[in-house]
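Below is one structure; the comments refer to it alone.
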Amino acid sequence: MANNTADHPPGNSVAEVDHEGDFGCTMMQLRELMELRSGEAVNKIAECYGDVQGICRRLKTSPIEGLSGNPADLEKRHASFGKNFIPPKKPKTFLQLVWEALQDVTLIILEVAAIISLGLSFYHPQGEGNDSCGQASGGVEDEGEAQAGWIEGAAILFSVIIVVLVTAFNDWSKEKQFRGLQSRIEQEQKFTVIRKGQVIQIPVAEIVVGDIAQIKYGDLLPADGILIQGNDLKIDESSLTGESDQVRKSLEKDPMLLSGTHVMEGSGRMVVSAVGLNSQTGIIFTLLGAGGEDEEKKVKKAKTQDGIALEIQPLKSEEGVESEEKEEKEEKEKKKVNVTKKEKSVLQGKLTRLAVQIGKAGLIMSAVTVIILILYFVIDTFGVQGHEWTAECTPIYIQYFVKFFIIGVTVLVVAVPEGLPLAVTISLAYSVKKMMKDNNLVRHLDACETMGNATAICSDKTGTLTMNRMTVVQAYIGDTHYKSIPEPEAVNSETLELLVNSISINSAYTTKILPSEKEGGLPRHVGNKTECALLGLVLDLKRDYQPIRDEVPEEKLYKVYTFNSSRKSMSTVLKNATGPGFRMYSKGASEIVLRKCSHILDASGQPRVFKAKDRDEMVRKVIEPMACDGLRTICVAMRDFTTEPDWDNEADILNDLTCICVVGIEDPVRPEVPEAISKCQRAGITVRMVTGDNINTARAIATKCGILQPGEDFLCLEGKDFNQQIRNDKGEVEQERLDKVWPKLRVLARSSPTDKHTLVKGIIDSTVGETRQVVAVTGDGTNDGPALKKADVGFAMGIAGTDVAKEASDIILTDDNFTSIVKAVMWGRNVYDSISKFLQFQLTVNVVAVIVAFTGACITQDSPLKAVQMLWVNLIMDTLASLALATEPPTESLLLRKPYGRDKPLISRTMMKNILGHAVYQLIITFTLLFAGEKFFNIDSGRNAPLHSPPSEHYTIIFNVFVMMQLFNEINARKIHGERNVFEGIYRNPIFCSVVLGTFALQIIIVQFGGKPFSCTALTIDQWLWCVFIGVGELLWGQFISAVPTHRLKFLKEAGHGIPKEDIPEEVLTEGADEIDHAEMELRRGQILWFRGLNRIQTQMDVVYTFQTGQTAVPGALRRQPSVVSQHNDAKTVSSPTHVGISSSSLSANSAAAAGPPAPASSSTTGN
């Protein structure tokens, strides 16, 4: 295989000084060796080094003692072979984030309007005051407006700048936080190595070439290495090769272990041969440009022809997918790539759709305003007054038209809720920060609000619902069922000896029981918790396991069959020290191991025959009673071989066993879980338990937790029965069959990881019931990865979880506790409600402001609210209201209602009632003041004020009342489900209180001292009190509205739905429905039709060309391909910023790194 990496050594990996002489092999030699696979590698090792021991000698390390740990030696190794660190991708600069924030559609409209308005404010045509041009009613701007004309454009730009800076700052701090968190995770990520003969854990970054590392099930390998000794080792190399089959590793066949791959089974030791940028992961990172610039991406494209690309080409880990997004799309044309990509979050889809709808409405309103103003002007000037259009009057007329255009744009600006992206960002960022305190570490931002929609949770049992602190509480030894641990004297001494040896040797040597760190505390359990329980039994029987392990070190173990989800047992074979033959110790799930037992030790320690009927009686009298107490039953057995059998024939070896004892292990339910589950059930969330345990144990625990209630007809199935019910004769899963099972299923016992994945996929894809299900899944094991990825929200366990599970998850539970999931549901619903509150408030302001501006402009030719006042209402109310309403803390009452589901609209009928109801109040007040306010307050009318007059009290009062009404309506907006008490819990939200008071203070300053720029004049105390009084009227009116029953108001419509499946065009669905953001499809449909049109024309040209030349149109077909691809790219707009992974230790993208704000109608980042 061509070693094409040697031509491009990554920058900082080759040491400047030549230390290579100190070791028997160079870094390049090791790197070349690591690129070989299986047989080739074995031959190369034999040819160049003799064997793995030879490599250890050259690297000056001992396979048993490890390195000395001498700092000088470690430093020398760093210099020769590099450090185990892959520099993360450069973060986006603040300016790049600003540029991304500027791409928002609403902001672009505002920017264009602002620039036009600025440009025109400086344009003063000749011919002003020329009476022959006609005196258009309302006149051109008065002097103050003319001087302050630029303020309008500047204010719009200022508002855009604020929104952009806030968004960019949010993104930047999020990325910074995420990097901090990432480096924290990396520092915490330790790996077990042997130094000076001691097994120690060191941070991954400190691993050097020559270290002897211990590897076990669930590890993510932090460096490349060569196997020294392995037990039944299987590795998942799909992150590097794309091959999903697990690769069996052994000294004879394939000893090469690669960084970034996952240990799926077994254990072993390896000598580290390449670290950091020289490891296989590092080389790929370099090619992907993690360490460098885009040149490397080109390098990767150029390299697709030669050797290493064969390995890298199918790099379908998330990193590859994300960073090579465009290439990926072209590849999709050639072959469907099997990467499940999560759809855009439910909330984002609804918001985008709503923003599009509001935008359309705003456009129509503003266009109508402009048309009416122009028509009125034209009819009045040329029709009624009978003027001619002359050359010298043209500039003046144009200025009129421009003024009308600006009024139109102002209407549009007010109609478009540009505070929405900000509200969403603030709400999510705030929630994620607070969720950290609730033990939820959110890796993907949108998981936070998706959780609020969750309708089903599939939870593991061990560690999530239970405490994962296991103890043996019952035992069946020598024909006696002990309800508590027996005294050592009560047990036959030979049986006891066998039992103690079996448990001590047939368990991972990394599992230990250590003394408590605190005085008087419980001893610490390290490693596999079930094995810890068994070791605890040895200690309870007044024996010690350590001397036995010292006597039989791991090297002496002849063969190990490690525990996995299909075997459900573990066996260790020892060669007899005295005579020929072997002894095998086994342990595993009792009903599985007992089936393979032909003998059992009796009270005197002698084996007696154990028949099927004896087994049935034992199941009935011992195992079932234990399981019904919620105990996990484990059988410990042994077998002696006189001659060496065929160790690969597992069925024969794990047979004819002799049962030593059966133990019942208790894993108590966490005390807070039953209440958490009943909260979930009240909130309309179904909790299902998926466990590998015996069905009786599972049922007992489920009843203790409250998942199963007495007297309800719910299903508890074993994996085997579940599969029989959902698969057809060919063994394929049928959705219709699954749909009959899952709605009633509550407990799935003895389940394999595949069953879990099948169940999750089945529930998500199901169309039974009114709404589509949103499923959350918890997992801790390596094999839970697929189910965690498939789920809408995957929770990994922070303490017990393997690296693989954490990589696949969306949220990490730092305390492994089910109650934290309930907190996540609360926060998710809170995000959703916060955004609905903001929308309710925002849309009321919008509706009123648009109608006032529209009617005012049409009746008086001048908006009662001036452009700058509008922007104050818009900007401050938007930005500050999004702060105030998006940071409401969640309350328990959120858990008293059903989940919204995917199709429930953002704006419910109750909210629509509130919006329209308050709009009516505000419009009546505003128009009353506009047309009769001067009589009421006994002041001069500001309606037909002469030109150049100073701002009138009349219009100032209208503006002030308008703002007061919004302020008090902001308090109303705190409740969206029609509650009466809008002040409830207001003190728990200091941000809300300070925003309302701050806005009030600013309003006083603007009115009293704003002067011409704000078109305001100072008001008296009486007038102020009236304004506040009318504002308070909002609260009273709110009480009246909530008294009107919503179901009576049949005319109310909902808005902001999710997209129903049938509205999506067929061909879009076939292109991989997940990847297309359907709300944006509305915006893009025109483009797609345009591409399709072009395509058809091209096809017809090809046909004509073929007929003319009589050739086959191959060139044409080739010519047409790019346009197909571009159409494809256009259909799939990448609307949220691509996610960037920055973990140096793992090849996966942690997408919260740069998940930008879920902006509504956020402009697509690809396409034209």
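Counting from 651, one number per residue, gives the positions in the sequence shown under our numbering.
Don't be surprised by glycine CBs; every beta carbon is placed ideally from N, CA and C.
Source: prediction; values computed, not measured.
Of the listed residues K726, R919, G1128, G674, nearest to E715 (C-alpha basis): The shortest Cα separation from E715 among K726, R919, G1128, G674 belongs to R919.
In DSSP terms, what S1134 is bridged to: Bridge partners of S1134: none, in fact.
Are the stretch 1110–1118 and the stretch 1219–1234 touching by the rule of at least three beta carbon pairs closer than 8 angstroms? no
Inspect the CB distances between the stretch 1091–1098 and the stretch 1160–1169 and report whether three or more fall short of 8 angstroms. no
What are the start and end residues of the beta strand (DSSP E) that includes G1314? 1307–1316
Under 7 angstroms Cβ to Cβ from G616, same chain only, skipping five residues before and after it: list those, please. Lying outside 651 to 1818, the shown extent of the chain, residue 616 is not represented and no answer is given.
Starting from the N-terminal side, write out each stretch of the alpha helix (DSSP H) that is 4 residues or longer and does not extend beyond the stretch 1353–1406. Inside the stretch 1353–1406, DSSP marks whole alpha helix (DSSP H) runs of 4 or more residues at positions 1369–1376, 1385–1391, from first to last along the chain.
Distance, A1287 Cα to K1261 Cα: 15 angstroms
Local conformation of F1436 per DSSP, three classes: Correcting the residue identity first, residue 1436 is Pro in this sequence and not Phe. P1436 sits in a helix when the DSSP states are folded into three classes.
How many angstroms separate the CA atom of Q1374 from the CA atom of V1397? 16 angstroms
For T743, count neighbouring C-beta atoms within 10 Å of its own C-beta (all shown protein chains included) and say buried if the count is 16 or more, exposed if not. exposed
Starting from the Cα of A1017, find the closest Cα among A1503, F1690, A1693 and give me that residue. A1017 has its Cα closest to that of A1503, out of A1503, F1690, A1693.
Rounded C-alpha distance that separates T1293 from I878: 27 angstroms
Would the beta-carbon of S1470 fall within 7 angstroms of that of N1103? no
For N693 and D895, what's the separation of their Cα atoms in angstroms? If I take the Cα positions, the gap works out to 24 angstroms.
In whole angstroms, give me the CA-to-CA distance for I1820 and L768. The structure shown does not extend to residue 1820, since the chain spans only 651 to 1818, so no value can be given for it.
What would DSSP say about E915, mapped onto helix, strand or coil? strand
Pop quiz: L997 and I1485 are said to be a contact at Cβ under 8 angstroms. What is the actual Cβ separation, rounded to whole angstroms? 7 angstroms
In the DSSP output, what is I1127 paired with across the bridge? T1130, C1311
Does the distance from the CB of E1144 to the CB of G1314 come in under 7 angstroms? no
Neighbourhood of G1567 by C-beta, 7 angstroms cutoff - its chain only, sequence neighbours within 5 removed: Within the same chain, G1567 has close Cβ partners I1691.
With a cut-off of 8 angstroms, do at least 3 Cβ pairs link the stretch 1626–1641 to the stretch 1559–1566? yes
Of all the options T711, S833, V748, T676, which has the alpha carbon lying nearest to the alpha carbon of I844? T711
Reduced DSSP category for G1186 - H, G, I as helix; E, B as strand; rest coil: Taken through DSSP and simplified to helix, strand or coil, G1186 comes out as helix.
With a threshold of 16 other CB atoms inside 10 Å of the CB of H1697, please say whether the residue is buried or exposed. exposed
Return helix, strand or coil for H1037, following the three-state DSSP convention. In this structure, H1037 counts as coil in the three-state DSSP scheme.
With distances taken from CA atoms, which of G1231, R1270, S1221 is nearest K1246? S1221
What residue does the alpha helix (DSSP H) around S730 start on, and which one ends it? 721–731
With a 10 Å radius around its C-beta and 16 neighbouring C-beta atoms as the bar for buried, classify Y1637 as buried or exposed. exposed
N- and C-terminal bounds of the alpha helix (DSSP H) containing M1288: Segment 1281–1291 is the beta strand (DSSP E) holding M1288; no alpha helix (DSSP H) there.
Taking contact to mean 3 or more Cβ pairs, one atom from each stretch, closer than 8 angstroms, check whether the stretch 1340–1358 and the stretch 1269–1284 are in contact. yes
Are at least three pairs of beta-carbons, each pair with one atom in the stretch 1490–1506 and one in the stretch 1357–1367, less than 8 angstroms apart? no
Out of curiosity, what's the CA-to-CA distance linking C698 and A863? 23 angstroms
Cut-off 8 angstroms between Cβ atoms - residues of its own chain near D1363, not counting five sequence neighbours on either side: Here the set comprises K1394.
In three-state terms, what does DSSP make of H1094? H1094 carries a coil assignment under DSSP once its states are collapsed to helix, strand and coil.
Entirely enclosed alpha helix (DSSP H) segments - the stretch 1477–1542, minimum 4 residues: 1517–1536
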